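Residue numbers (the working numbering): 474 to 666. Worksheet: one structure, shown below.
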């Protein structure tokens with residue numbers, strides 16, 4: 474990453490958010506074809522390298538979806554992706570989605586830190602007021618990390634998704650700036666969420 478500082482968008486204590494490039498397509502294709510990863514996201518059809526290249530090519534051509542790579546600062550490794558989606562500037566709302574595709578980096582707080590950086594941008598630069606998230610009810614890791622970042626449950630869609638041969642509930646969560654701000658202040662002083 475040291476040779477491409479123009480890709481860095483926001484930097485935290487252990488991760489940075491950066492723009493995705495065509496060079497990331499192979500890594501993304503690997504993640505998007507891994508059933509262990511895709512069981513937690515809406516992606517379930519096979520993805521080709523060409524499809525990932527096309528997706529990256531279109532990423533920064535609209536203002537309704539803003540997606541970043543999550544890069545581990547220590548070794549400049551792409552470990553996941555995170556984004557704001559369905560941005561409604563008039564209403565001040567958006568939704569988020571994130572995936573840590575690198576199994577070596579799961580459960581270590583990198584997603585929480587990336588989410589804090591993304592929320593800082595959403596609230597303090599884009600002037601959004603409420604950010605939603607949707608989580609499969611069986612994904613306890615994601616539910617816990619959303620709540621650590623200030624999200625609260627707003628509802629449940631019963632038996633909404635068919636995954637691994639069964640129907641599962643979808644949990645709807647949201648965070649507002651005033652609920653997130655004390656967590657951001659703690660993160661700034663301690664480096665932890």
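A virtual CB, placed ideally from N, CA and C, is assigned to each residue, including glycine. From a predicted model like this one, the values you see are computed outputs, not experimental measurements.
As a quick exercise: from the options, pick the residue whose alpha carbon is nearest that of residue i.
i: residue 584; options: 608, 658, 554 and 605; result: 554
i: residue 525; options: 542, 516 and 501; result: 501
i: residue 606; options: 560, 653, 644 and 637; result: 644
i: residue 598; options: 579, 619, 518 and 565; result: 565
i: residue 576; options: 532, 550, 495 and 484; result: 550
i: residue 495; options: 531, 574, 616 and 516; result: 531
From the DSSP output, which residues share a beta bridge with residue i?
i: residue 654; result: BP columns for residue 654 are empty, so no partner.
i: residue 605; result: 568 and 647
i: residue 509; result: DSSP output for residue 509 lists no bridge partner at all.
i: residue 542; result: 491 and 554
i: residue 639; result: 636
i: residue 629; result: 644
i: residue 573; result: 553
i: residue 483; result: 490
Looking only at its own chain, which residues have a Cβ that is under 7 Å from the Cβ of residue i, when we skip the five neighbours before and after it?
i: residue 659; result: none
i: residue 650; result: 596 and 602
i: residue 520; result: 502, 505 and 506
i: residue 682; result: Missing from the structure shown is residue 682; the chain here goes from 474 to 666 and no further.
According to the neighbour-count rule (16 or more other Cβ atoms, all chains shown, within 10 Å of its Cβ), is residue i buried or exposed?
i: residue 625; result: exposed
i: residue 444; result: This structure cannot settle anything about residue 444, because the visible part of the chain is limited to 474 through 666.
i: residue 627; result: exposed
i: residue 663; result: exposed
i: residue 498; result: buried
So, at 8 Å on beta carbons, what are the nonlocal neighbours of residue i in its own chain, with the 5 sequence-adjacent residues on each side left out?
i: residue 429; result: Nothing about residue 429 can be read from this structure; the chain reaches only from 474 to 666.
i: residue 622; result: 585, 588, 589, 592, 648, 653, 656 and 666
i: residue 638; result: none
Residue i lies in the beta strand (DSSP E); which residues open and close that run?
i: residue 664; result: It is not in any beta strand (DSSP E) - residue 664 carries neither H nor E in the DSSP assignment.
i: residue 560; result: 550–561
How would you write the range of the alpha helix (DSSP H) that residue i sits in, first residue to last?
i: residue 596; result: 583–597
i: residue 527; result: 522–532
i: residue 620; result: 613–621
For residue i, which residues in the same chain have their Cβ closer than 6 Å to its Cβ, ignoring the five residues on either side in sequence?
i: residue 480; result: 491 and 492
i: residue 485; result: 586 and 590
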